Amino acid sequence: RKICFVHLSRSLSIFSLQTFEKLLIANRGEIACRVIKTCKKMGIKTVAIHSDVDANAVHVKMADEAVCVGPAPTSKSYLNMDAIMEVIKKTRAQAVSLNESICCSFISSLSLQASEGVTFIGPDTHAIQAMGDKIESKLLAKNAKVNTIPGFDGVVKDADEAVRIAREIGYPVMIKASAGGGGKGMRIAWDDEETREGFRFSSQEAASSFGDDRLLIEKFIDNPRHIEIQVLADKHGNALWLNERECSIQRRNQKVVEEAPSTFLDPETRRAMGEQAVALAKAVKYSSAGTVEFLVDSSKNFYFLEMNTRLQVEHPVTECITGLDLVQEMIRVAKGYPLRHKQADIPINGWAVECRVYAEDPYKSFGLPSIGKLSQYQEPLHVPSVRVDSGIQQGSDISIYYDPMISKLITYGSNRVEALKRMEEALDNYVIRGVSHNISLLREVIIHPRFVQGDISTKFLPEVYPDGFKGHKLTDLERRELLATAASLYVAEQLRSQRFLGTPRIPIAKSKRSSWELSVHLGDGIYPVAVSKDGSSFSVEVDGMKLNVTSEWNLASPLLSVTIDGTQRTIQRLSRNASGDTSIQFLGTVYKLQILTKVAAELSKYMPEKAAEDTSSILRSPMPGAVVAVSVKPGDTVSEGQEICVIEAMKMQNSMIAAKTGKV
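Numbers 1 to 664, taken from full-length UniProt numbering, label the letters of the sequence shown in order.
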């Protein structure tokens, strides 16, 4: 797909230049697939590595060669340095694109392969080490005249020292892993108790995720924006900033929605941030694509946060507004070519938005991991100006071993309004079955008035949804549209069941029925609905108002385009049963309804209701994961809110607490 690579015509003209014959990709999922796509364009053969559970993964099928490097856990496969080095020798790969989590010792070992012509696609070891350590990177940033956040520049030894430092800086403070990234090993503390707890969890997460439990503490800037600058540098001293990405919509310090450019920056601030980002890149002799992240306050003061020495998840939005293929540029730089563009060549053409589609339950803490098999999967590529970067397909498993990301959904438009409208349409047309997903949350974010106006910060989600995300709240008109659509689907299903090979089942008893009286249960309400058929349309009366519902009524399709009084809606019917229960995805949110005939509804009141299970005496994990610590033993008396155990899911540690006072 060529969208997002059309603005700079020169970016497509270099595929004839000689780079590498074979490249090994030490990664998995969507980013591995992304690298393979550009390698195919450039005529470079690719080698994929995989764990045993990933043997049928998409990136394995896309690559020219694939080698298994170990069992499912990343430490034994994708981060297995010895196995990967052996694959490099075996396949005679000339270049290597590494997993972002592989430590610098592996990159150093690549230098031992220099005599054999092996090149690392990325910056050199010094830059990775310097920028990968948050303590060292902050000192380098200060020396490069980059704005930094006030804080303690050394390593925090223990919880007592953490409390002392936090008091000196002044609450609130941010505790974070020195070698961290991706929101892992980060905690905000507002008092001494939270500082002690934050130190414990952050150090454990840091050790688990990065093999390095060192922590630092700095002042937490309350209610900031998270804006980052994409940089690109070569081995000849040239460096560019490729504009900004707005990444303020986050949960648990992990990005959810990104866009480029930002609605907040003016040209002067953009230039100042870009120039400081380039100054930092030059200070560490950086040579590749990288990202310098900043926190920006309401007065447009900006502070260096960290530099990521890799291709960021959200890089597609930058590609869309600049026309550059960043993977292609990284490969060219690694081969030794100078940059082809000057700063004046870098445009901002249009607007791009990216939504991270995760296998998560958004109703639990804005997204707790979900696992399962994708029983049905259909990307919305028929929607104009849509790009989907994914590494899965129908039948793929979402497991506990890896990140629960399904895909990156990107839409592009000539302006922000157009890009957001296309994103809304793309989310409605995205079919994902078999696992929970966060489509409902993503759709609500992009249509929320605050987001549309650009009034956002890193606290957007907890501020907009203080009691947690509850799904879309239907207006009276939308409720009537949903009821009318559900009733029309029910009648269409009934009419289809009467047909048998194109003729009535009993020819002598043809049905001439054209009207139905139904009772629809939605939420806490029960609504009488009258439906009458008029050709391929239905006239539906709800709340004393008539709505005209039209569709092709292809009930076998996962997507149904329905027109209600001239308003087009794309819905998905996820399930139904003989008891009238049905689930419909409408405006992004899944609604459970029960549709009965008037007679059946009157009789249903005689059916006994199943009592709800009392779970207050049970500690049930809200997500799949591993128990890494148990804080109690049988016979202990615990109080409400006391920690019982710690569950690690996707390398994030979560404290499980008692729901009431009792004995274990």
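Glycine is no exception: its CB is placed at the ideal position from the N, C-alpha and C atoms. As the structure is a prediction and not an experimental result, all values here were calculated from the model.
| Asked | Found |
| --- | --- |
| Buried versus exposed, by CB contacts within 10 Å (16 or more), S575 | exposed |
| beta-carbon T589 near the ligand ZN non-hydrogen atom, thresh 7 Å | In the structure shown, the ligand ZN is absent, as is every other ligand, since no ligand is present at all. |
| Opposing strand residues paired with L265 [DSSP bridges] | Paired residue(s): none; L265 is not in a bridge. |
| Beta-carbon gap between K255 and R187 smaller than 8 Å | no |
| Backbone CA spacing between A141 and M307 [nearest angstrom] | 10 Å |
| F451 - containing alpha helix (DSSP H), residue span | P449 to Q453 |
| Coarse secondary structure for I456, derived from DSSP in three states | coil |
| Three-way DSSP call (helix, strand, coil) for D428 in this model | helix |
| With 16 other Cβ atoms within 10 Å as the buried cut-off, status of Q453 | exposed |
| Per-residue burial, T663 [other beta carbons within 10 Å of its own, 16 or more giving buried] | Looking at the sequence provided, one finds Lys at residue 663 rather than Thr. Exposed, because fewer than 16 other Cβ atoms sit within 10 Å of the Cβ of K663. |
| Bridge partners - F294, DSSP secondary structure assignment | I227 and F304 |
| Same chain only: Cβ atoms within 6 Å of E643, ignoring 5 sequence neighbours per side | S631, S655 and I657 |
| Residue(s) in a DSSP beta bridge with E478 | For E478, which the question treats as bridged, DSSP gives no partner whatsoever. |
| Nearest neighbour of S557, chosen from Q572, A659 and F294 [CA to CA] | Q572 |
| Buried or exposed by the 16-neighbour rule on C-beta atoms within 10 Å, applied to I227 | buried |
| Cβ neighbour criterion (16 or more within 10 Å) applied to L441 | buried |
| Anticipated Cβ contact below 8 Å, G29 with G274, distance rounded | Not really, about 30 Å apart at Cβ, beyond 8 Å. |
| Nearest-angstrom Cα separation, counted from G70 out to K633 | 36 Å |
| Same chain only: Cβ atoms within 6 Å of F20, ignoring 5 sequence neighbours per side | I44, Q94 and A95 |
| Buried or exposed (CB count within 10 angstroms, at least 16 for buried), V646 | buried |
| For L427 and S561, the rounded distance between their alpha carbons | 14 Å |
| Cross-strand partners of I410 (DSSP beta bridge) | E354 and R387 |
| Local Cβ density within 10 Å of G323, reported as buried at 16 or more and exposed below that | buried |
| Through-space distance from A277 to L311, alpha-carbon basis | 16 Å |
| Buried versus exposed, by CB contacts within 10 Å (16 or more), L305 | buried |
| V155 versus E609 - alpha carbon distance | 59 Å |
| Under 8 Å between C-beta atoms of T411 and P224 | no |
| Residue of Y465, L555 and V531 minimising C-alpha distance to R496 | L555 |
| Segment limits, beta strand (DSSP E) that includes E244 | A239 to R251 |
| Straight-line gap, S115 to I25 (C-alpha atoms, nearest Å) | In this predicted model, S115 has a pLDDT of only 47, less than 50, meaning its place in the structure is not dependable; the value taken from the coordinates is given anyway. Roughly 20 Å separates the two Cα atoms. |
| Nearest residue (CA-CA) to P380, options L559, Y303 and D581 | L559 |
| Whole-Å CB distance - I165 paired with K219, under 8 Å assumed | Actually they do not touch by this definition, with Cβ atoms about 11 Å apart. |
| Every unbroken alpha helix (DSSP H) inside the segment 25 to 56 [4 residues or more] | 29 to 41 |
| Chain-order list of residues whose beta-carbon lies under 6 Å from that of Q653 (same chain, five-residue window excluded) | F201, Q204, E205 and V646 |
| Span separating the alpha-carbon of L139 from that of A649 | 33 Å |
| Of the residues A344, R332 and Y303, the one placed nearest C39, counting alpha carbons only | R332 |
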